[in-house]
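Chemist: The numbers in the UniProt record's numbering rise by one with no breaks, and the one at position 290 of the sequence shown is 290. Take this structure, written in structure tokens, and hold onto it; I'll ask about it next.
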Amino acid sequence: MQENRTIRLFRHGPTAEFRLVVLVILSLSLLVVDARWRVLDPARQAISVVLYPFQRLVLAPRDLVENFNNWMDAATVARAEKEALQKQRIELAQIATHAAQLSAENEQLRRLLKVADTVSQPSVAVEVMYEPPNAFVHHLIFNKGTSDGIRAGMPVIDEGGVVGQIVRVTPFTSEAALLTDDTVSIPVQVLRNGLRLIAFGGNVSGRVEVRYLTANADIHAGDTLVTSGIGGLFPAGLSVAKIEKVERDSATGFARALATPLSHPERYRHFLVLRVDVSRMPSPTSDPEAQAHGSQPAQ
Numbered sequence: 001m002q003e004n005r006t007i008r009l010f011r012h013g014p015t016a017e018f019r020l021v022v023l024v025i026l027s028l029s030l031l032v033v034d035a036r037w038r039v040l041d042p043a044r045q046a047i048s049v050v051l052y053p054f055q056r057l058v059l060a061p062r063d064l065v066e067n068f069n070n071w072m073d074a075a076t077v078a079r080a081e082k083e084a085l086q087k088q089r090i091e092l093a094q095i096a097t098h099a100a101q102l103s104a105e106n107e108q109l110r111r112l113l114k115v116a117d118t119v120s121q122p123s124v125a126v127e128v129m130y131e132p133p134n135a136f137v138h139h140l141i142f143n144k145g146t147s148d149g150i151r152a153g154m155p156v157i158d159e160g161g162v163v164g165q166i167v168r169v170t171p172f173t174s175e176a177a178l179l180t181d182d183t184v185s186i187p188v189q190v191l192r193n194g195l196r197l198i199a200f201g202g203n204v205s206g207r208v209e210v211r212y213l214t215a216n217a218d219i220h221a222g223d224t225l226v227t228s229g230i231g232g233l234f235p236a237g238l239s240v241a242k243i244e245k246v247e248r249d250s251a252t253g254f255a256r257a258l259a260t261p262l263s264h265p266e267r268y269r270h271f272l273v274l275r276v277d278v279s280r281m282p283s284p285t286s287d288p289e290a291q292a293h294g295s296q297p298a299q
């Protein structure tokens with residue numbers, strides 16, 4: 001006959017509370033031992049070596065993200081520094097150009113002051129505001145007008161000589177026709193022999209023309225033309241142009257000479273307006289050509 005046996009469905013052992021108490025006591029004991037003695041250092045190092053690969057594996061995504069962010073930040077910083085250097089280089093180039101321009105303007109103003117000292121007439125220094133965009137009209141607009149004593153008909157000069165003539169004025173601006181404009185004619189004479197002539201502008205770009213010469217007129221390439229003073233508007237002795245070539249026509253018995261102006265209105269921004277007496281000129285009209293030729297009756 002078989003013995004009746006009790007079937008065990010659950011294994012009996014220490015309770016969970018007992019295990020917790022044992023583990024707490026063990027942990028406290030290890031803490032005290034580790035704090036007072038270094039007997040657990042080998043065990044700690046061994047555990048650290050075993051866990052290190054798992055730590056690196058767990059931290060790998062974080063390190064990858066950090067490295068990528070650092071690379072992006074470094075690229076952004078490098079790009080920003082490059083742009084800043086380029087901007088600084090451009091600004092320094094602009095500053096250098098501006099300084100060179102100011103130096104050139106100062107030199108020109110000094111030369112204008114020397115010219116003003118050599119001219120007996122009072123003068124007004126003017127600055128170019130803009131040049132009218134017209135290929136057929138050679139004019140300049142200055143920043144001073146009747147409020148500074150400028151009147152239509154007054155000559156404009158630079159250190160090279162005659163630049164042109166004022167043809168229109170407002171209270172605060174003035175407009176000048178350049179020497180090469182077809183509305184300007186100036187009584188001149190050859191510096192070498194005193195031959196009196198009239199210089200016109202307009203027919204040849206960038207040149208002035210001396211017309212109505214006899215074929216045997218004593219004028220040659222290289223001669224310098226200066227104002228003769230006839231008419232009273234342009235003081236005598238101002239440089240005007242240098243003869244470039246003389247064209248003689250034996251068939252008609254006349255000749256003409258082409259001359260290059262000695263002034264340089266295309267290079268400078270500052271000029272002198274000579275405040276000569278223009279009361280003998282005809283009353284100003286809206287026609288710039290009539291104003292520019294105001295000195296012709298006295299020629």
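Backbone N, C-alpha and C fix where the C-beta goes; we use that ideal spot for every residue, glycine too. Predicted model only: the values in this text are computed from it and were never measured.
#1: Mapping the DSSP letters down to three states, classify residue 72 as helix, strand or coil.
#2: Residue 185 bridges to which residues according to DSSP?
#3: Whole angstroms are fine: how far does the CA of residue 149 sit from the CA of residue 123?
#4: Compute the Euclidean distance between the alpha carbons of residue 218 and residue 199, then round it to the nearest angstrom.
#5: Report yes if the CB atom of residue 164 is closer than 7 angstroms to the CB atom of residue 182, and no otherwise.
#6: Count the other CB atoms within 10 Å of the CB of residue 82; is the residue buried (16 or more) or exposed (fewer)?
#7: Give the straight-line distance between the Cα atoms of residue 255 and residue 138, rounded to the nearest whole angstrom.
#8: Checking 7 angstroms against the spacing of the C-beta atoms, do residue 187 and residue 228 come in under that value?
#9: When burial is assigned at 16 or more other CB atoms within 10 Å of the CB, is residue 132 buried or exposed?
#10: Along the chain, where does the beta strand (DSSP E) containing residue 174 start, and where does it finish?
#11: Within 10 angstroms of the Cβ of residue 144, are there 16 or more other Cβ atoms? Answer buried if so, exposed if not.
#12: What span of residues does the beta strand (DSSP E) with residue 266 cover, start to end?
#13: Once DSSP output is grouped into helix, strand and coil, what is the label at residue 95?
#14: I'd like the list of long-range same chain contacts for residue 214, defined as Cβ closer than 8 angstroms, with 5 residues on each side in sequence excluded.
#15: Please determine, among 237, 206 and 153, the residue with the shortest C-alpha to C-alpha distance to residue 136.
#16: Which residue marks the beginning of the alpha helix (DSSP H) containing residue 320, and which one marks its end?
#17: Who are the Cβ neighbours of residue 245 in its own chain at under 8 angstroms, not counting the five residues just before and after it?
#18: Which residue spans inside the region 131 to 165 form an unbroken beta strand (DSSP E) run of at least 3?
#19: Could you check how far apart the C-beta atoms of residue 223 and residue 190 are, in whole angstroms? I think they sit under 8 angstroms.
#20: With 16 as the cutoff for other CB atoms within 10 Å, does residue 154 come out buried or exposed?
#21: What residues in its chain sit with their C-beta under 8 angstroms from that of residue 195, if we drop five residues either side in the sequence?
#22: Mind checking whether residue 240 and residue 162 have CB atoms under 7 angstroms apart?
#23: In angstroms with no decimal places, state the Cα-to-Cα distance between residue 184 and residue 173.
#24: Just reading off the beta strand (DSSP E) that residue 217 is part of, what are its end residues?
Modeler: According to the structure shown:
#1: In the sequence shown, the residue the question calls residue 72 occupies position 72. In the structure shown, residue 72 sits in a helix (DSSP, three-state: H, G or I).
#2: For the purposes of this step, residue 185 is taken as residue 185 along the sequence shown, with counting starting at 1. 200, per the DSSP bridge assignment.
#3: By one-based count along the sequence shown, residue 123 stands at place 123. By one-based count along the sequence shown, residue 149 stands at place 149. Residue 123 and residue 149: Cα-Cα distance of roughly 9 angstroms.
#4: Stepping through the sequence shown from its first residue, residue 218 is reached at position 218. Stepping through the sequence shown from its first residue, residue 199 is reached at position 199. The alpha-carbon atoms of residue 218 and residue 199 are separated by roughly 16 angstroms.
#5: Numbered from 1 along the sequence shown, position 164 holds the residue referred to as residue 164. Numbered from 1 along the sequence shown, position 182 holds the residue referred to as residue 182. For residue 164 and residue 182, no; Cβs fall outside 7 angstroms.
#6: Counted from its first residue, the sequence shown places residue 82 at position 82. By the 10 Å Cβ count, residue 82 comes out exposed.
#7: Looking up residue 255 in the sequence shown gives position 255. Looking up residue 138 in the sequence shown gives position 138. Rounded to whole angstroms, residue 255 to residue 138 spans 26 angstroms at the Cα level.
#8: Position 187 of the sequence shown holds residue 187. Position 228 of the sequence shown holds residue 228. Yes; because the gap between Cβ atoms is below 7 angstroms, this pair is in contact.
#9: The sequence position of residue 132 within the sequence shown is 132, counting from 1. Residue 132 is exposed by the Cβ-count criterion.
#10: As a first step, residue 174 must be located in the sequence shown, where it is residue number 174. Counting along the chain, the beta strand (DSSP E) containing residue 174 begins and ends at 174 to 178.
#11: On the sequence shown, position 144 is the one that residue 144 refers to. Classification of residue 144: buried, given that the 10 Å Cβ count is 16 or more.
#12: As a first step, residue 266 is located in the sequence shown; it is residue number 266 there, counting from the start. Element bounds for residue 266: n/a, residue is neither H nor E.
#13: Position 95 of the sequence shown, counted from the first residue, corresponds to residue 95. Here residue 95 sits in helix by DSSP.
#14: Locating residue 214 in the sequence shown gives position 214, counting from the first residue. Within the same chain, residue 214 has close Cβ partners 253, 254 and 255.
#15: Numbered from its first residue, the sequence shown carries residue 136 at position 136. Closest option to residue 136, Cα to Cα, is 206.
#16: Absent from the structure is residue 320, since the part of the chain shown begins at 1 and ends at 299.
#17: To locate residue 245, count along the sequence shown from 1; it is residue 245. Closer than 8 angstroms at the Cβ level, and outside the excluded window around residue 245, lie 221, 257 and 258.
#18: 139 to 142 and 155 to 158
#19: As a first step, residue 223 is located in the sequence shown; it is residue number 223 there, counting from the start. As a first step, residue 190 is located in the sequence shown; it is residue number 190 there, counting from the start. Their Cβ separation, rounded to whole angstroms, is 5 angstroms, which keeps residue 223 and residue 190 in contact under 8 angstroms.
#20: Mapped onto the sequence shown, residue 154 falls at position 154. Buried is the call here.
#21: On the sequence shown, position 195 is the one that residue 195 refers to. Taken in chain order, the residues that qualify are 189, 217, 218 and 219.
#22: For the purposes of this step, residue 240 is taken as residue 240 along the sequence shown, with counting starting at 1. For the purposes of this step, residue 162 is taken as residue 162 along the sequence shown, with counting starting at 1. For residue 240 and residue 162, yes; Cβs fall inside 7 angstroms.
#23: The residue you call residue 184 lines up with position 184 of the sequence shown. The residue you call residue 173 lines up with position 173 of the sequence shown. Going by the C-alpha atoms only, they are around 20 angstroms apart.
#24: Working through the sequence shown from its first residue, we reach residue 217 at position 217. Counting along the chain, residue 217 falls outside any beta strand (DSSP E), and DSSP gives it neither H nor E.
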